Structures are given as structure tokens and as C-alpha cells.
Amino acid sequence: MTPEEALNVADEAVYAHTDRHLTDIQRMILRESLADTSYEDMQGYQIQHIKNEGSKLWRLLSEALGQKVSKTSFRAALEKRLKSGNIGGNAVGKQETPVLNLLTLEIQQDCDLLQQLLEHNDNNYLSDKWTSCFSKNRNVWQDLSCRLSLVQSSRSLMELVQDFYQQVDAIEESCQKLLALKSRILPLESKQQKCKGQILVLGTMKPPEWTKDYFMASDAVALVSIQKIYHIKFKSLKETVCKILDLGNRIVRELNQHSSQ
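Take 223 as the starting number for the sequence shown in the numbering used here and just add one per residue.
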């Protein structure tokens, strides 16, 4: 197992366990530990900080790999993980194509969702499905063997897919923020409709309790303000979606090329 393979296996195991990649210092500690470098001889950080991060890293890898590992035993654990994932040698050639086909289908589904978002009528609010429709579509990508197969096939393509999913996660987060704005807008619009657009103005006095069901001047100001924010953010979101959709379509084309080789 090469150092690069070891780092990839560790990174994918941690990502599968925490949905986060290794940090720069964690990768440095792994790389130097593979070369049997002591904590004291590692460069770039304070020795105590390296030791603390090292302890955290071995605990994290122990959880991710399902067995206790240390600075001296992690290499064997990573090799075991590599073999159990059927990565390397002829196993990759046998399993790579169907895995990539499934991943292609999954990314294509995300592209279809992005296209729906891009074509969404600006005058209509987003539905609640956009709260988690992207994150639910990760069955293949969450499989460690899939990501390791992709690394073996093309490291650059693997990085593109990672970037795509990170940006899709950001899109979903933006949708959630828009839905939060929608939850503030709808009650005000409902109140406005019940009052048939009439606005109750009481001057500077504190509104009495009985006015809570009326559409107040302050409600009108708030509604216009929130609606404006919503539409500005939605327009910005669509501009981002357009770029990510291009990336997703590019990945689908490249995955299809790899599958046909």
C-alpha cells in the first residue's frame, strides 16, 4: 500500500463516518507517521498541538475503521480496510463499471433536481421537498467502496465529484434558508388576504391585543421587506445552480466515458 493509497483509505473511512474529510494537520500526521517520523520531528505546528491532534486522529480512525488503532498500528488497519473494500488489482476492474454506473445515475438525478430548481417559477415559493431532497440522494456516494473505486479510476474525477456534492450541499442549505423566509411570509400574506388588503394604522401607539389579527402597517412593511429578501436570494441561488448544473453534467459525461472504457 502506497502512502497515497493509505491517505485515501483513511480519508474515505473518516468521511463515511463523519461526513467530513481529514484536515491538513491530520493528513500531515498520517503522512509523517507512514514515514515513521516522530511527533518531535514533524514540522509546521507546535509539538504539543501535533500530539493532541494525533491522539484525536487515532481515536477518530479507531471509530471509523471499527478497531483500535495507534500511531504504530494504523497502517495495518488501513491495509485491512483496503482489502476488505476489494480495492486494487483485478477487483477494481470487475466492480468499477457497475459502481460508476450507479454513481452516474445518482448524480444525474441531482442534475435533474437542479434543473427543476432552475426552471422554478420565481413567483411561486419553494415547496418543502427542497429541505432535504439532495442529501437523501446519496446512497451510492455514501458507500466507501464506491469512492475508493473512483479514486482508483481517476483522482481528478473524484475531486470533481467531491466538489459537486459540497456545492449541492450548499444549495440545499440555501433552500432551507429560503423556506425559513417563506415560513415568515405566509402568515403575513394570510393575514393580508383575510383583511382584504386593508391596512390598520394606529400611529405611534402600542397596538392593543385585539389588533393581532389585523394587517398592521408594520406587517405591510415586514412583508415587503421579507419578500424582497426572498426574491433576491432566490435569484442569486439560481445563478449558482446554473454553474453547479454545468459541473454535474460534465461529471456525468466523464463518468460515462470511464464506464465505456
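All residues carry an ideal CB built from backbone N, CA and C; glycine is no exception.
All values derive from a computational prediction rather than experimental measurement.
Beta-carbon gap between residue i and residue j smaller than 7 Å
i	j	result
Glu234	Leu370	yes
Ile251	Gly276	yes
Arg406	Ile448	yes
Met223	Leu304	yes
Asp441	Leu410	yes
Leu325	Cys355	no
Val231	Leu244	no
Phe437	Lys413	yes
Ala228	Leu300	yes
Val383	Glu328	no
Thr462	Gln398	no
Leu485	Leu340	Since the first residue shown for the chain is 223 and the last is 483, residue 485 is missing from the structure and cannot be characterised.
His239	Ala286	yes
Tyr347	Lys404	yes
Buried or exposed by the 16-neighbour rule on C-beta atoms within 10 Å, applied to residue i
i	result
Leu408	exposed
Val571	What the structure shows of the chain is the stretch from 223 to 483, and residue 571 is not part of that stretch, so it cannot be assessed.
Ala439	exposed
Asp241	exposed
Ser255	buried
Ser357	exposed
Ile269	exposed
Ala257	exposed
Val443	exposed
Val446	exposed
Ser349	exposed
Ser375	buried
Gly288	exposed
Ile454	exposed
As assigned by DSSP and simplified to three states, the class of residue i
i	result
Met438	strand
Ser484	An answer regarding residue 484 cannot be provided, because it is not within the stretch 223 to 483 covered by the chain.
Lys418	coil
Ser295	coil
Glu341	coil
Gly288	coil
Leu335	helix
Met264	coil
Met462	In the sequence as presented, Met is not what sits at residue 462; that position holds Thr. Helix, per DSSP.
Ala257	coil
His453	helix
Gly276	helix
His243	coil
Ser396	helix
Ala228	helix
Asn323	helix
Ala235	helix
Met250	helix
Leu410	helix
Ser349	coil
Margin query: Suppose only complete runs of 4+ residues qualify. What are the alpha helix (DSSP H) ranges in the region 352 to 384, listed by chain order?
Written below: 366 to 375
**Message:** Quick check: the region 254 to 265 against the region 383 to 398, are at least 3 beta-carbon pairs closer than 8 Å?
**Reply:** no
Does the region 460 to 472 come within contact of the region 326 to 344, defined as at least 3 CB pairs closer than 8 Å?
The region 460 to 472 is in contact with the region 326 to 344.
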